[in-house]
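*Asks:* Below you'll find the structure I mean.
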Amino acid sequence: MTLSDTFNKDTQIVAFNLGTNLFGVDILTVQEIIKVLSITRVPKVGRSIEGVINLRGNVIPIFNLHKRFGITPTEDNNDHRIIVFYFDDIRAGIIVDAVAEVLKIDQDQIEDAGNIYNGIESDFIKGVGKVDDRLMLLLDFRKLFGLT
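Numbered by this note's numbering, the letters in the sequence shown go through residues 2 to 149 in order.
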């Protein structure tokens, strides 16, 4: 799959922070963004699974990308959010330190992740977006959640 298959002209991205790092996901995979709810811990699950939440009667697994990526979270504050994804009839969420913005990014602003992250686990990184003077890792949540 090439970048042009993944990103169209002016793809809309939800940008969010984990620690001091900027990440982004295609807005079409995002169902909603909510304040952090009470998370029920589930014993003996992977270390990157924080637990589950009850969102309007739906039990949704919540992943902690800080643990998965080895990123120190910011202090708990009112900016922390859960981004809920919905695709292929599956819902899952991630905890983020803050949702930065929704922006449009053109495919000519995106570098292929394989050219940048050669040799490290980067299957779930679609590309690296150049937004103003910042770099943003664009994530593929289907691969990150093990759905492809």
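Glycine is no exception: its CB is placed at the ideal position from the N, C-alpha and C atoms.
Closest by CA to PHE24, which one among ASP80, LEU138, THR12 and ASP134?
*Replies:* Working through the sequence shown from its first residue, we reach residue 24 at position 23. Of the listed residues, the one whose Cα sits closest to PHE24 is LEU138.
*Asks:* So, is ILE28 buried or exposed, given that buried needs 16 or more other C-beta atoms within 10 angstroms?
*Replies:* Along the sequence shown, one-based indexing puts residue 28 at 27. ILE28 is exposed by the Cβ-count criterion.
*Asks:* Taking only the alpha-carbon atoms, compute the straight-line gap between ARG135 and PRO62 and give it to the nearest angstrom.
*Replies:* Counting from 1 along the sequence shown, the entry for residue 135 is found at position 134. Counting from 1 along the sequence shown, the entry for residue 62 is found at position 61. Going by the C-alpha atoms only, they are around 30 angstroms apart.
*Asks:* Roughly how many angstroms separate the alpha carbons of ARG92 and VAL132, rounded to a whole number?
*Replies:* For the purposes of this step, residue 92 is taken as residue 91 along the sequence shown, with counting starting at 1. For the purposes of this step, residue 132 is taken as residue 131 along the sequence shown, with counting starting at 1. Roughly 29 angstroms between the two C-alpha positions.
*Asks:* Distance, Cα to Cα, LYS105 vs THR12?
*Replies:* Position 104 of the sequence shown, counting from 1, holds the residue named residue 105. Position 11 of the sequence shown, counting from 1, holds the residue named residue 12. When rounded, the distance between both Cα atoms is 5 angstroms.
*Asks:* Evaluate ASN59 with the Cβ neighbour count: other Cβ atoms within 10 Å of its Cβ, from every protein chain shown; 16 or more gives buried, anything less gives exposed.
*Replies:* Reading the sequence shown from its first residue, position 58 is the one you call residue 59. Classification for ASN59: exposed.
*Asks:* Using the Cα positions of PHE88 and GLU76, report the straight-line distance between them to the nearest angstrom.
*Replies:* Position 87 of the sequence shown, counted from the first residue, corresponds to residue 88. Position 75 of the sequence shown, counted from the first residue, corresponds to residue 76. Rounded to the nearest angstrom, the two C-alpha atoms are 30 angstroms apart.
*Asks:* What does the Cβ neighbour count give for VAL43, buried or exposed, with the cut at 16 atoms within 10 Å?
*Replies:* Taking the sequence shown and counting its residues from 1, one reaches residue 43 at position 42. Exposed, because fewer than 16 other Cβ atoms sit within 10 Å of the Cβ of VAL43.
*Asks:* Per DSSP, which one or two residues make a beta bridge with LYS105?
*Replies:* The count along the sequence shown starts at 1 and reaches residue 105 at position 104. Paired residues: GLN13.
*Asks:* Name the one or two DSSP bridge partners that ASN55 has.
*Replies:* As a first step, residue 55 is located in the sequence shown; it is residue number 54 there, counting from the start. VAL60.
*Asks:* Excluding the five sequence neighbours on either side, which residues of its own chain have a C-beta within less than 8 angstroms of the C-beta of VAL103, listed in chain order?
*Replies:* Mapped onto the sequence shown, residue 103 falls at position 102. Answer for VAL103: GLN13, ILE14, VAL15, ALA16 and ILE28, listed in chain order.
*Asks:* From the DSSP output, which residues share a beta bridge with GLY25?
*Replies:* Position 24 of the sequence shown holds residue 25. Its beta-bridge partners are ALA16 and LEU139.
*Asks:* Applying the criterion that 16 or more other CB atoms from any shown protein chain within 10 Å of the CB defines a buried residue, is GLY147 buried or exposed?
*Replies:* Within the sequence shown, the letter at position 146 stands for residue 147. When all chains shown are included, GLY147 counts as exposed.
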